[in-house]
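Student: The structure that follows is given in the form of structure tokens.
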Amino acid sequence: MKEISCKLLVIGAGPGGYACAIRAGQLGIDTVIVEAAKPGGTCLTIGCIPSKALIHAAEVFDATRQMAGGRNAMGIQVDQPSIDLAGTMIWKDGIVGRLTSGVSGLLQKARVKIVSGRARFRDGKTVEVETETGQQIVRAETVVIATGSDPVELPALPFGGRVISSTEALSLRQVPNRLIVVGGGYIGLELGTAFAKLGSDVTVVEATARVLPIYDADLVKPVTRRLTERGIRLFTNTKAIGLSKTGDALIVEGPDGRQELPADHILVAVGRRPRSVGSGLEDLDLDRSGPFLRIDDRCRTSMRGVYAIGDVTGEPMLAHRAIAQGEMVAEIVAGKKRAWDKRSIPSICFTDPEIVSAGLSPIEARAQGYEVKVGQFPFIANGRAMTMQDEDGFVRVVARADTNLVLGLQAVGSGVSELSAAFSLAIEMGTRLEDIAGTIHVHPTRSEALQEAALKAMGHALHI
Ligand code: FAD
Ligand code: NAD
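Here the sequence shown is numbered in this note's numbering, starting from 29 and rising by one per residue.
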């Protein structure tokens, strides 16, 4: 049995773990990272990247299909297109392969030792890892738990057969004829829309009163409209009860009573839970916040010298939050004075159209006791949106009424995900409406709607 000791042991090489290990390596900390699967974690292998690849392929296919069969407004002509999903998956796997080997290279460059295998805690500072060449013991002064999350399984719909999670959905070799999605959240709507664009007949079953309940109704409205226009059926206030006796339909119960919905695949996307199975994490008896590990503003758990970052610590389960936590913890371990001081964790839902949000929505700002000014500028008055043949949506700014300090920025529309950088920067830098309004925004771009929203909040928009 081999034994190694190190200053810092990171368990899990997803965005949180690999960012932590790379920064620790750069700071000269003797670091070991243990990974049971591929470096890159959920995000690179079965999450963000594969889903965005599929979404893009579906968009291209859909746009091509809409052009087929005659002249369209732009005068483009194409023959009847078809898609070989197995080929799409090979393309997607190529991107994943490039990124995961890139992460390995970055870890090596930072002189981080990578141990491949599943880590199991012996105690808070020691793990045993089953590697290909036998068992390895790793002892460390400081441990970072970055083991991520797994999809939640519904007791009445266990995964297997027709019932799949996002992992299997992102590896399908054929486009299902009928796809039912249980859960109208991030995964359900991003993948549900992608499969509808690929040609599936899609139904979404959501337990609450509307889809994407984490975003306010104004932001979600253009998305819901387009889902419906596309023929996606939305069952809200509806619960999935289980499979029919024949196993080829989902029984649901909603405002109209019980009904059976036939399906080739049922994608269950009702949230994620911390990944701890087989890692001995339960035996450490760390404090929890619900099912997740409880952390403070330095990502410290209830055990001295044991930190936790990323999805294992709960919502928002986003890759960029995990990366920011990982980088911060590495600096803390190196002795730097750091604490979580981010003003916002921006989020994007890659639906059609996209939604982006940073900081507070008007409802959230008012709930926190602020008197607010809200400026909203629609893409219907934006030249670039017209040239891109997609005028749905708007940019919205929320500012304090007394000081004009920007509290929140949101948008819904085609391609608005790329506005997220400007939104986050504005909030992180404590900008006021005057700063955004006084910044020249390039014409013609969708970003002009940001400047116009700020002008509108001050009462003098130019183009509306
Ligand atoms: P993970 O990425 O889950 O990595 C944890 C790693 O730890 C894994 O590689 C795992 O193998 C390893 N591990 C676990 N236990 C052990 C052990 N005992 N020993 C050794 N290794 C272990 N977020 C976004 O910000 N944007 C998106 O667009 C987005 N899209 C998503 C799409 C899908 C379909 C899914 C499922 C998720 C998506 N997410 C997205 C969420 C994002 O993937 C996660 O927030 C992110 O991966 C969390 O990073 P992490 O480092 O905490 O954990
Ligand atoms: P989610 O929390 O986004 O959505 C789950 C949805 O399922 C909610 O709308 C909820 O009301 C509904 N629901 C819960 N139980 C249900 C039931 N029994 N029947 C019907 N509906 C039910 O979770 P998700 O879509 O599984 O995504 C998991 C996590 O992954 C998210 O927290 C998100 O942070 C992350 N993610 C992010 C992105 C992104 O950043 N673009 C994309 C995908 C996933």
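Note that beta-carbon positions come from the ideal geometry of N, C-alpha and C, so glycine has one too.
Would you mind giving the Cβ-Cβ distance between T221 and D380, rounded to the nearest angstrom? I have them listed as a contact below 8 Å.
Tutor: 5 Å
Student: Should I74 be counted as a contact of ligand 1 given a C-beta to heavy atom distance under 7 Å?
Tutor: Proximity of the beta carbon of I74 to ligand 1 is indicated: a heavy atom of the ligand is located closer than 7 Å.
Student: Which residue wins for smallest C-alpha separation from F187, given the options A450, R146, I118, V298?
Tutor: V298
Student: Under 8 Å between the Cβ atoms of V232 and I260?
Tutor: Contact flag set, yes.
Student: Can you tell me where the alpha helix (DSSP H) holding L240 begins and where it ends?
Tutor: Unbroken run through L240: none, as it is neither H nor E.
Student: Near V180, which residues of its chain fall below 7 Å by C-beta distance, leaving aside the five closest residues on each side in sequence?
Tutor: V298, G299, R300, R301
Student: When you measure from the CB of K267 to every non-hydrogen atom of ligand 2, does any distance come out below 7 Å?
Tutor: yes
Student: For F378, is the beta carbon positioned less than 7 Å from some heavy atom of ligand 2?
Tutor: yes
Student: Should G152 and G354 be called a contact, given that it needs their Cβ atoms to be closer than 8 Å?
Tutor: no
Student: Smallest Cα separation from A395: which of A362, R412, L435?
Tutor: Taking each of A362, R412, L435 in turn and checking the Cα distance to A395, the smallest one comes out for L435.
Student: In whole angstroms, give me the CA-to-CA distance for V210 and I294.
Tutor: 7 Å
Student: For a test of the three-state rule: what should DSSP assign to D463, helix, strand or coil?
Tutor: helix
Student: Does the Cβ of S317 have 16 or more other Cβ atoms within 10 Å, making it buried, or fewer, making it exposed?
Tutor: By the 10 Å Cβ count, S317 comes out exposed.
Student: Let me check you understand the geometry: is the CB of G216 closer than 7 Å to at least one non-hydrogen atom of ligand 2?
Tutor: Yes, the beta carbon of G216 sits closer than 7 Å to at least one heavy atom of ligand 2.
Student: With a threshold of 16 other CB atoms inside 10 Å of the CB of K120, please say whether the residue is buried or exposed.
Tutor: Here K120 is buried. Its C-beta has 16 or more other C-beta atoms within 10 Å.
Student: Does G176 pass the burial test, meaning 16 or more other C-beta atoms within 10 Å, or should it be called exposed?
Tutor: buried
Student: Kindly indicate which residue of A138, I383, G338 has the alpha-carbon position closest to the one of G56.
Tutor: A138
Student: Does the count of Cβ pairs from the segment 35 to 43 and the segment 61 to 77 closer than 8 Å reach three?
Tutor: yes
Student: With DSSP as the reference, label C327 as helix, strand or coil.
Tutor: Correct three-state label for C327: coil.
Student: Is it a yes or a no for the segment 240 to 255 touching the segment 107 to 117, going by three-plus beta-carbon pairs under 8 Å?
Tutor: no
Student: CA-CA distance, A347 and E63?
Tutor: Going from the Cα of A347 to the Cα of E63 covers about 17 Å.
Student: Using the three-state DSSP reduction, which class does T70 fall into: helix, strand or coil?
Tutor: helix
Student: Just to confirm, are K364 and T170 a CB contact at a threshold of 8 Å?
Tutor: no
Student: Between S194 and the rest of its own chain, which residues show a CB-CB distance below 8 Å, the 5 nearest in sequence each way excluded?
Tutor: I74, G75, S79, P179, I215, L219, L295, A297
Student: Keeping to the same chain, check which residues put their C-beta closer than 8 Å to that of L127; ignore five residues upstream and five downstream.
Tutor: G68, L72, I77
Student: Can you determine whether any heavy atom of ligand 2 sits closer than 7 Å to the C-beta of A235, and answer yes or no?
Tutor: yes
Student: Quick one: give me the first and last residue of the beta strand (DSSP E) that G441 is part of.
Tutor: Looking at the DSSP string, the run of the beta strand (DSSP E) that includes G441 is 434 to 441.
Student: Excluding the 5 residues preceding and the 5 following A485 in the sequence, name in chain order all residues of the same chain whose CB lies nearer than 6 Å to its CB.
Tutor: Result list for A485: K401, G403, V425, A427, L461, in chain order.
Student: Comparing C-alpha positions only, which one of M356, V361, V131, I391 sits nearest to D369?
Tutor: M356
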